[in-house]
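**Q** First the structure, then my questions, so here it is.
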Amino acid sequence: MAVLGIDIGSRTIAKVVLESGRIIESAVIDSGPNPVARALCLAGDPDCFTTVVSTGYGRHAARTALSGEIITEIKAHAIGAWESVPGCRTVLDIGGQDSKVIRLDINGNVEDFLMNDKCAAGTGRFLEVMARILNLSLTELGHKGGATTATVKINSMCTVFAESEVVSLQANGTPVEEISRALLNSVCEKVTSMVYRTGFAEPLVFTGGLARIEVLAGMIGEKLNLDVIVPPDPQIIGAFGAALHGERRGKDGT
Amino acid sequence: MGDYRNLWESLGMDLEKHDVLCQALPPLFDEIYLSQVDRPQGMNYFNFVIAEIHGLRVEELHTARIAGRKVFGTFCVFVPTELITACDGIAVGLCGGSQFWVPDGEKVLPRNLCPLIKASVGAKISGTCPYFQSCDLLVGETTCDGKKKAWEILNEYTPTYVMDLPQMKREKDLSNWRDEVSRFCEQVEALTEQKITSDNLRQAIHLANEKRRVLSRLYGARKADPVPISGKDALLISQIAFYDDPERFITQTDALCEELEKRIDQGTGVFPKSTPRILISGTPQAIPNWKLHHIIENSGAVIVCEETCTGTRYFENMVDEGGETVDEQMRHLADRYMGVNCACFTPNTGRVDDIVRLAKEYHADGVVHYNLPFCHNYSIEYHQVERALKQEGIPVIKVETDYGEEDSEQIRTRIEAFIEILR
């Protein structure tokens, strides 16, 4: 029978259904104003699964409703990334509300990790807010940023202050491509400094919603002087890891 | 709590604002403390102390002051309270653990400052802490820049005496500190109109050592697995040690320890055997700052020791009781305090050694380095702490957080992930 992994994040909810180690279904939806209700809706009938494992920001709230197990998103991403890229030693995950760097040992166990503090710098939320000011979607912001190598600098890490910097840059006629590049660069600076602080080893896997912005992955790789590996569907890695955890627990009989 | 409104009014308190504070504490205490299972019977006394937090003890201070005794408010483990006790004065640790006082503190202090300092100053200037209101003298020290400058502001409200704590531990610093202790002694003698004698100082040193002994006994019980008392309860006792009547505190804590030792003999505890064990190291946790302990103990781990000012730094190392003359006793006193390994010293390698030693003694599976925001000394020292622990193969994580609740969920995620590593 199938195992369900569900990752309830601040911006999106991802689900993965596994059967004998194979993904038979996956989906990503917006979290909306009531993430737990949406998660339950996305999960469907919990009785259809032998095990349900929740992870992400909403895991505690979902546990009661789904009567399953919970693991942290750190563990979930570690398991999911290790399965997607066997032998990987570092996971960089940039989600809607937080970014994290996870260092794995040679067996794929979490050795150390670092999460951003309570502010939005270096998260998907930061780019989302900025894209809105520029009247772009996140994908468009990525394309615009990729279309130039010219560098202006956004000095402020703070989302609120960075917003006024963007407005000034727009006002003095800086091309939107350059502003987009600068914003991607700001995220890149913040997360690579976290990677340095955690200490990292190759291969490095990049997961989460922002991993879909190809140019950002390239910029991070350049900064760290390595090849950043992005799995085919980076947004479901947490849910995938949760489901894998459930499947393994089932096998252990624990 | 009984009716103390007349008393509070006589202390010049803002009764209306104080009512808001008094209403906030009981539900918080219920949720964090009374909801725990299998608590030792001996905790009833400490529950009572909290229920009477701004009542009974404040009344005792009031009665003592009417009888001519003086009350000294202290903030730090470096103040040699033995001198106060010897002169028949009373030392009380002062408040500063609640977000409630922070906005008032920010009226006169910059926002980018340690919450402990903001809350302490806020507690005084808002007139909502009866302990502050009961003090004849506040005793500060120079352990950090924030406090150093805050004394100047507090001095506008209550006379504040400052002890100059050296920042290094060379021979000349030690001799300077001995001199500071003597100067403080003169100050205490002048205010209390009493004279230090080798007799009253001997008794005072013995009493303070007894308090250290009983806290040490309490912490010793936490080395057992399963652990007979929660980290939250042990922290509460440590916090209460700062302001309770010392003799009563010693009797009650000894009684509790007997119960804990029986539990150890029977192999019973408050968490299942082999629950992941955490050592907290870092900055102080003043009442009612129970945030980190609550998150950790609700995430499947137990706290077995605090290497903090509200933990081992408060009670480790006794004062040598062998002194015959006042001079000798004063020197032993100063030397004991200089042995405290606070991050305000440079270098401070002794603290790193302490943390590694305590992690082993208490069989800790991991260390959580707790840092109040803007406490740079501890924050910077984390670098050495982390390196030493990693060399020993002991996992460590740094948590920097103030008294607000808005980051609780993020901290919970990090703590849960840390505990996943320990399992």
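Going line by line, the protein sequences match chains A and B. 136 is the number of the first residue of the first sequence in our numbering; add one for each residue after it. 4 is the number of the first residue of the second sequence in our numbering; add one for each residue after it. Virtual Cβ for every residue (Gly too), placed ideally from N, Cα, C.
1. Closer than 8 Å by C-beta to residue 389 of chain A: which residues in its own chain qualify, once you throw out the five before and the five after it? Chain order, please.
2. I want to see whether chain B comes within less than 8 Å of residue 192 of chain A, judged by CB atoms only; does it?
3. Residues in the same chain with beta-carbon distance under 8 Å from residue 374 of chain A, minus the five sequence neighbours each way, listed in chain order, please.
4. With contact counted as at least three CB pairs below 8 Å, one residue from each stretch, are the segment 181 to 188 of chain A and the segment 370 to 384 of chain A in contact?
5. Which residue from A:259, A:197 and A:279 puts its Cα closest to that of residue 181 of chain A?
6. Using a Cβ cut-off of 8 Å (strictly closer), state whether residue 206 of chain A contacts chain B.
7. Please report how far the alpha carbon of residue 22 of chain B lies from the alpha carbon of residue 57 of chain B, in whole angstroms.
8. Could you tell me the distance, in whole angstroms, from the CA atom of residue 166 of chain B to the CA atom of residue 143 of chain B?
9. Considering only their Cβ atoms, is the gap separating residue 370 of chain B from residue 284 of chain B smaller than 8 Å?
10. Does residue 304 of chain B come out as helix, strand or coil in the three-state DSSP assignment?
11. Would you say residue 210 of chain A lies against chain B (beta-carbon separation less than 8 Å)?
12. Considering residue 75 of chain B, what are the terminal residues of the beta strand (DSSP E) in which it resides?
13. Using a C-beta cutoff of 8 Å, does residue 245 of chain A count as contacting chain B?
14. Note down, in chain order, all residues in the segment 172 to 203 of chain B with a beta-carbon under 9 Å from any beta-carbon belonging to chain A.
15. So with CB distances below 9 Å, who are the chain B contacts of residue 228 of chain A?
16. In its own chain, which residues sit with a C-beta less than 7 Å from the C-beta of residue 430 of chain B, not counting the 5 before and 5 after it?
17. May I ask which residues mark the beginning and end of the beta strand (DSSP E) holding residue 339 of chain A?
18. Would you mind listing the alpha helix (DSSP H) stretches within the segment 249 to 287 of chain B that are 4+ residues and don't spill past its ends, in chain order?
19. Just to confirm before moving on: does the CB-CB distance between residue 335 of chain A and residue 364 of chain A stay below 8 Å?
20. So, are the CB atoms of residue 234 of chain B and residue 307 of chain B less than 8 Å apart?
21. Of all Cβ atoms in chain A, is any one closer than 8 Å to the Cβ of residue 424 of chain B?
22. May I have the straight-line CA-CA distance separating residue 330 of chain B from residue 178 of chain B, to the nearest angstrom?
23. Is the number of C-beta pairs between the segment 219 to 228 of chain A and the segment 31 to 45 of chain B that are closer than 8 Å three or more?
24. Cβ of residue 233 of chain A less than 8 Å from any chain B Cβ?
25. Could you give the uninterrupted runs of the beta strand (DSSP E) lying entirely in the segment 385 to 410 of chain B, keeping only those of 3 residues or more?
26. Can a CB atom of chain A be found closer than 8 Å to the CB of residue 375 of chain B?
27. Name the DSSP beta bridge partners of residue 101 of chain B, please?
28. If I'm right that residue 259 of chain A touches residue 344 of chain A with Cβ under 8 Å, what's the distance once you round it to whole angstroms?
29. Taking C-alpha atoms, which residue in B:97, B:9, B:12 and B:39 lies nearest to residue 287 of chain B?
30. Might you give, ordered along the chain, the residues of its own chain that have their beta carbon closer than 7 Å to the beta carbon of residue 358 of chain A, omitting 5 neighbours on each side?
31. Does the segment 408 to 421 of chain B come close enough to the segment 296 to 312 of chain B to have 3 or more Cβ pairs within less than 8 Å?
32. What are the start and end residues of the beta strand (DSSP E) that includes residue 237 of chain A?
33. At 7 Å on the CB atoms, spell out the chain A contacts of residue 334 of chain B, in chain order.
34. If you drop the 5 nearest sequence neighbours on each side, which residues of the same chain put their C-beta closer than 7 Å to that of residue 18 of chain B?
35. Quick check: the Cα distance between residue 278 of chain B and residue 233 of chain A, rounded to an integer number of angstroms?
36. When the cut-off is 8 Å and only beta carbons count, does residue 384 of chain B lie next to chain A?
**A** In terms of the structure at hand:
1. Residue numbering aside, residue 389 of chain A sits at position 254 when the first sequence is read from its first letter. Below a pLDDT of 50, predicted positions are generally treated as unreliable, and residue 389 of chain A, at 48, falls in that range; the measurement from the model is reported next regardless. The beta carbon of residue 389 of chain A lies closer than 8 Å to none in the same chain, with the five residues before and after it left out.
2. Indexing the first sequence from 1 puts residue 192 of chain A at position 57. True, the Cβ-Cβ gap to chain B drops below 8 Å.
3. Start at 1 with the first residue of the first sequence, and residue 374 of chain A comes out as number 239. Taken in chain order, the residues that qualify are 140, 141, 142, 149, 150, 151, 161, 190, 211 and 215.
4. Pairwise C-beta distances place the segment 181 to 188 of chain A in contact with the segment 370 to 384 of chain A, as three or more of them are shorter than 8 Å.
5. The count along the first sequence starts at 1 and reaches residue 181 of chain A at position 46. Checked all of A:259, A:197 and A:279; the closest Cα to residue 181 of chain A is A:197.
6. For the purposes of this step, residue 206 of chain A is identified with residue 71 of the first sequence, where counting begins at 1. It does; some Cβ of chain B falls within 8 Å.
7. Here residue 22 of chain B is taken as the residue at index 19 of the second sequence, counted from 1. Here residue 57 of chain B is taken as the residue at index 54 of the second sequence, counted from 1. As the crow flies, the alpha-carbon of residue 22 of chain B is around 11 Å from that of residue 57 of chain B.
8. In the second sequence, residue 166 of chain B corresponds to position 163, counting from 1. In the second sequence, residue 143 of chain B corresponds to position 140, counting from 1. Between the alpha carbons of residue 166 of chain B and residue 143 of chain B lies a distance of about 6 Å.
9. Locating residue 284 of chain B in the second sequence gives position 281, counting from the first residue. Locating residue 370 of chain B in the second sequence gives position 367, counting from the first residue. Taking 8 Å as the Cβ cut-off, residue 284 of chain B and residue 370 of chain B qualify as a contacting pair.
10. Counted from its first residue, the second sequence places residue 304 of chain B at position 301. Correct three-state label for residue 304 of chain B: coil.
11. Along the first sequence, read from residue 1 onward, the residue named residue 210 of chain A stands at position 75. Any Cβ of chain B closer than 8 Å to the Cβ of residue 210 of chain A would place that residue at the interface, and such an atom is present.
12. Numbered from 1 along the second sequence, position 72 holds the residue referred to as residue 75 of chain B. Looking at the DSSP string, the run of the beta strand (DSSP E) that includes residue 75 of chain B is 74 to 77.
13. Within the first sequence, the letter at position 110 stands for residue 245 of chain A. Closer than 8 Å: yes.
14. From the segment 172 to 203 of chain B, no residue has a Cβ closer than 9 Å to chain A.
15. Looking up residue 228 of chain A in the first sequence gives position 93. Within chain B, no residue comes near residue 228 of chain A; the closest Cβ sits about 12 Å away, beyond 9 Å.
16. Only positions 4 to 426 of chain B appear in this structure, which leaves residue 430 of chain B out of reach.
17. The count along the first sequence starts at 1 and reaches residue 339 of chain A at position 204. Residue 339 of chain A -> beta strand (DSSP E) spans 339 to 342.
18. Counting only runs that start and end inside the segment 249 to 287 of chain B, the alpha helix (DSSP H) elements of at least 4 residues fall at 249 to 269.
19. Position 200 of the first sequence holds residue 335 of chain A. Position 229 of the first sequence holds residue 364 of chain A. Their beta carbons are not under 8 Å apart, which means residue 335 of chain A does not touch residue 364 of chain A by this criterion.
20. Here residue 234 of chain B corresponds to residue number 231 of the second sequence, with the count starting at 1. Here residue 307 of chain B corresponds to residue number 304 of the second sequence, with the count starting at 1. Yes.
21. If you number the second sequence from 1, residue 424 of chain B lands on position 421. So, interface residue.
22. Here residue 330 of chain B corresponds to residue number 327 of the second sequence, with the count starting at 1. Here residue 178 of chain B corresponds to residue number 175 of the second sequence, with the count starting at 1. Rounded to the nearest whole angstrom, the C-alpha separation of residue 330 of chain B and residue 178 of chain B is 13 Å.
23. Segments in contact, no.
24. In the first sequence, counting from the first residue as 1, residue 233 of chain A sits at position 98. For residue 233 of chain A, at least one C-beta of chain B is nearer than 8 Å to its own C-beta.
25. Runs found: 399 to 403.
26. Position 372 of the second sequence holds residue 375 of chain B. It does not; no Cβ of chain A falls within 8 Å.
27. For this step, residue 101 of chain B is matched to residue 98 along the second sequence. BP columns for residue 101 of chain B are empty, so no partner.
28. Taking the first residue of the first sequence as position 1, residue 259 of chain A is located at position 124. Taking the first residue of the first sequence as position 1, residue 344 of chain A is located at position 209. That belief holds up - the Cβ atoms of residue 259 of chain A and residue 344 of chain A are roughly 5 Å apart, short of 8 Å.
29. Your numbering for residue 287 of chain B matches position 284 in the second sequence. Checking every option, the nearest Cα to that of residue 287 of chain B belongs to B:97.
30. By 1-based counting over the first sequence, the position of residue 358 of chain A is 223. Sequence-distant Cβ neighbours of residue 358 of chain A in its own chain, meaning closer than 7 Å and more than five residues away, are 323 and 327.
31. Short answer: they touch.
32. For this step, residue 237 of chain A is matched to residue 102 along the first sequence. Where residue 237 of chain A is concerned, the enclosing beta strand (DSSP E) stretches over 234 to 239.
33. As a working note, residue 334 of chain B is residue 331 in the second sequence. Those do not exist, as residue 334 of chain B stays about 45 Å from chain A at its closest Cβ, beyond 7 Å.
34. Along the second sequence, read from residue 1 onward, the residue named residue 18 of chain B stands at position 15. These residues qualify, in order along the chain: 8, 11 and 12.
35. Residue numbering aside, residue 278 of chain B sits at position 275 when the second sequence is read from its first letter. Residue numbering aside, residue 233 of chain A sits at position 98 when the first sequence is read from its first letter. Distance between the alpha carbons of residue 278 of chain B and residue 233 of chain A is about 29 Å.
36. Against the second sequence, residue 384 of chain B aligns to sequence position 381. Taking 8 Å as the CB threshold, residue 384 of chain B stays off the interface with chain A.
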